[in-house]
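Data block below; observations after.
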Amino acid sequence: MSTLDVSAPRTARRLAQPMSGGRVNYLEPKGDLGFYGPDSMAWRVHANPIALAVGGIAAVILELAEPRVRTGVWEHSIFRTDPLSRMQRTGEATMITTYGPTKAAEARVAMVTRMHQRVSGVTPEGQAYTALDPELMTWVHLTAGYGFLNAYARHVEPGLSRADQDRYYAEGARLGEAFGAVNPPASVAEVEACIEAMRPNLRPHPIIGEFLQIVSTNSPLGLLGRVIQPMAAQAAIDLLPSWAKSELELPDRPLAGAAVRPLMRGMGAAGNLMLGDIPRQAYARVGRKPPR
961 MSTLDVSAPR
971 TARRLAQPMS
981 GGRVNYLEPK
991 GDLGFYGPDS
1001 MAWRVHANPI
1011 ALAVGGIAAV
1021 ILELAEPRVR
1031 TGVWEHSIFR
1041 TDPLSRMQRT
1051 GEATMITTYG
1061 PTKAAEARVA
1071 MVTRMHQRVS
1081 GVTPEGQAYT
1091 ALDPELMTWV
1101 HLTAGYGFLN
1111 AYARHVEPGL
1121 SRADQDRYYA
1131 EGARLGEAFG
1141 AVNPPASVAE
1151 VEACIEAMRP
1161 NLRPHPIIGE
1171 FLQIVSTNSP
1181 LGLLGRVIQP
1191 MAAQAAIDLL
1201 PSWAKSELEL
1211 PDRPLAGAAV
1221 RPLMRGMGAA
1231 GNLMLGDIPR
1241 QAYARVGRKP
1251 PR
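Throughout the sequence shown, residue numbering follows the numbering used here, covering 961 to 1252 in sequence.
See below:
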């Protein structure tokens, strides 16, 4: 079987199990909805590994374009030295805060907040920063939602309604506020307005290119991931606002972007063939059958 045979059941199974869920019992306590619950857009969007993979890369590109966030991430995390562990921890946090029971989700938020309390400094340009700055926390929350939702809408469910997209952002406000975001945007229009307002502050930087090189060559999915990752990186660039390629000096490969889209849609469909263990356990916890 070819590693690019995305319709094959084996590939679908591997795509459905990319994330560690941490030491969390997703089956208990019975009836606990967590931050979102089974009728939420987050349970629908975050179940698809292609939405998370492509959307996550797009989010980090936008985050690294903000000088204070870029310096904080690059100087206070293990991304450069141990990218696989960093990606796995980020995925784990997404799974816990999306599908975990309330206490587990709150505990992960508290743990991340404690880590952020130690992150502060000055950028090479002379800007002071702290990871708990409400403006920066709002930006990180916003870009994550933007990436995941737009990757899902493009590669998994192209007909996703504007109402459902607005609902995704509105539902995510609780988590954003828990992390320290202030008045997180709650609709597509508000998100787009916030990105446009931040646009004058965003800058190109070699670190963005270094990040793209890292995510193009490292994956927790082994051989399959090493095949997917360069395509996911290209798809992420293609997902950004139209001005981002030129203003952030990103690789501009229109032919590659066009070629990647059908492949990503095929993989997005494959990811929907089998629900991962974590979402499945969360549905069982609340006494609901999975949607597929």
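Backbone N, C-alpha and C define an ideal beta-carbon position, used for all residues, glycine too.
Cα-Cα separation between residue i and residue j, rounded to whole angstroms
i: Gly1051; j: Ala1007; result: 11 Å
i: Asp1089; j: Gly1081; result: Residue identity differs from the one stated: residue 1089 is Tyr in this sequence, not Asp. The alpha-carbon atoms of Tyr1089 and Gly1081 are separated by roughly 6 Å.
i: Val1005; j: Arg1046; result: 22 Å
i: Asn1086; j: Ala1067; result: For the record, residue 1086 in the displayed sequence is Gly; it is not Asn. C-alpha separation (whole angstroms): 34 Å.
i: Lys990; j: Ala1002; result: 20 Å
i: Ala1193; j: Asn1178; result: 11 Å
i: Phe1139; j: Ala1157; result: 21 Å
i: Val1220; j: Met1191; result: 6 Å
i: Val1148; j: Arg1122; result: 8 Å
i: Thr1041; j: Gly1105; result: 26 Å
i: Pro1166; j: Trp1034; result: 12 Å
i: Pro1211; j: Ala1244; result: 44 Å
i: Gly1119; j: His1036; result: 40 Å
i: Pro1222; j: Ile1188; result: 13 Å
i: Glu988; j: Tyr1059; result: 11 Å
i: His1115; j: Leu1208; result: 24 Å
i: Glu1117; j: Arg1078; result: 39 Å
i: Gly1228; j: Gly1016; result: 14 Å
i: Leu1172; j: Leu1092; result: 25 Å
i: Thr1057; j: Arg1213; result: 35 Å
i: Arg1257; j: Pro1027; result: It is not possible to answer for residue 1257, since the shown part of the chain is limited to 961 through 1252.
i: Pro1250; j: Ala1053; result: 22 Å
Range of the contiguous beta strand (DSSP E) that encloses residue i
i: Gly1081; result: Ser1080 to Val1082
Limits of the alpha helix (DSSP H) - the one that residue i falls within
i: Thr1090; result: Here Thr1090 belongs to no alpha helix (DSSP H); instead the beta strand (DSSP E) covers Ala1088 to Thr1090.
i: Asp1237; result: Asp1237 to Arg1245
i: Ser1176; result: Pro1166 to Thr1177
i: Arg1049; result: Pro1043 to Tyr1059
i: Phe995; result: That residue, Phe995, is in no alpha helix (DSSP H); it is neither H nor E in DSSP.
i: Met1158; result: Val1148 to Met1158
i: Ala1219; result: Pro1214 to Leu1233
Anticipated Cβ contact below 8 Å, residue i with residue j, distance rounded
i: Val942; j: Glu1023; result: Residue 942 lies beyond the stretch modelled for the chain, which goes from 961 to 1252, so this question has no answer here.
i: Val1020; j: Leu1096; result: Not quite, the Cβ-Cβ distance comes to about 14 Å (not below 8 Å), so this is no contact.
i: Leu1215; j: Cys1154; result: Actually they are not in contact, since the Cβ atoms of Leu1215 and Cys1154 sit about 32 Å apart, beyond 8 Å.
i: Thr1098; j: Ala1070; result: Incorrect: roughly 19 Å between the Cβ atoms, too far for contact.
i: Gly994; j: Pro1061; result: 6 Å
i: Met1055; j: Ile1238; result: 5 Å
i: Ala1018; j: Leu1162; result: Actually they are not in contact, since the Cβ atoms of Ala1018 and Leu1162 sit about 13 Å apart, beyond 8 Å.
i: Pro1043; j: Arg1248; result: That belief does not hold up - the Cβ atoms of Pro1043 and Arg1248 are roughly 36 Å apart, past 8 Å.
Simplified DSSP state of residue i, which is helix, strand or coil
i: Ala1195; result: helix
i: Ile1038; result: coil
i: Asn1143; result: coil
i: Gln1077; result: coil
i: Arg1134; result: helix
i: Lys1205; result: helix
i: Val984; result: coil
i: Gly1119; result: coil
i: Asp1126; result: helix
i: Lys1063; result: helix
i: Ala1007; result: coil
i: Leu1200; result: coil
i: Arg1248; result: coil
i: Leu1210; result: coil
i: Ala1025; result: coil
i: Pro989; result: coil
i: Arg1114; result: helix
i: Glu1095; result: helix
i: Leu964; result: For Leu964, the pLDDT reaches just 37, beneath the cut-off of 50, and the residue's location in the model is therefore unreliable, leaving the point undetermined.
Residue i beta carbon near the ligand COA (any heavy atom closer than 8 Å)
i: Gln1194; result: Among the components of this structure there are no ligands whatsoever, and the ligand COA is therefore not found.
query = Is it a yes or a no for the segment 1129-1147 touching the segment 1008-1020, going by three-plus beta-carbon pairs under 8 Å?
reply = no
Inter-stretch contact (C-beta, 8 Å, three-pair minimum) for the segment 1123-1131 and the segment 1106-1115 = yes
request  = Indicate whether the contact test is met: 3 or more Cβ pairs, each with one atom in the segment 1231-1244 and one in the segment 1197-1216, closer than 8 Å.
outcome  = no
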